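Quick note: to get this note's numbering, add 20 to the position in the sequence shown (first position is 1).
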Amino acid sequence: MKVILFIDTSSSEEIQVAIDINGKRLEKTAPRQARAQMVLPMIEELLSEQKLKLTDIAEIKVNPGPGSFTGLRVGLAVAQTLGKLLNVPVNGKRAGAIKPIYQKSKWE
Numbered sequence: 021m022k023v024i025l026f027i028d029t030s031s032s033e034e035i036q037v038a039i040d041i042n043g044k045r046l047e048k049t050a051p052r053q054a055r056a057q058m059v060l061p062m063i064e065e066l067l068s069e070q071k072l073k074l075t076d077i078a079e080i081k082v083n084p085g086p087g088s089f090t091g092l093r094v095g096l097a098v099a100q101t102l103g104k105l106l107n108v109p110v111n112g113k114r115a116g117a118i119k120p121i122y123q124k125s126k127w128e
């Protein structure tokens, strides 16, 4: 069974969390005002309604924008944190798969 978690905090009206279980999509929405406080409880509620655990999530997809900076940051932070903890890909990339390349300092 493949469970995909979707997180969308880009809207100025509401936040949306959904899970896809083998092609069957279930979702929850909450008003924008409760954004940060509601994302994790919404995920937990969706999973528990289907008798699933966080560890059943195989992949996470998050809307990267456009949207408000703070709103997007909430969704991205939750997705990245869960991806790292569960060791699952976020938007098709494994946690730690993309490493920044830093320019060498002229003083080194």
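All residues carry an ideal CB built from backbone N, CA and C; glycine is no exception.
For clarity, every value in this text was computed on a predicted model and none was experimentally measured.
Pull up the CB-CB distance for residue i and residue j, whole angstroms please, since I reckon it's below 8 Å.
i	j	result
V35	L46	Contrary to the premise, residue 35 reads as Ile rather than Val in this sequence. Going by Cβ atoms, the distance from I35 to L46 rounds to 15 Å, so no, they are not a contact pair.
T29	V94	5 Å
I63	V110	About 14 Å; that fails the 8 Å criterion.
V167	A97	What is shown of the chain runs 21 to 128, which leaves residue 167 out entirely.
What three-state label does DSSP hand residue i in the structure shown?
i	result
V94	helix
E69	helix
V59	helix
E64	helix
G11	Missing from the structure shown is residue 11; the chain here goes from 21 to 128 and no further.
G43	coil
Taking the DSSP output, what are the residues bridged to residue i?
i	result
K81	F26
K48	V37
Counting Cβ pairs, one atom from each stretch, are 3 or more of them under 8 Å apart for the region 100-109 and the region 71-82? These segments touch.
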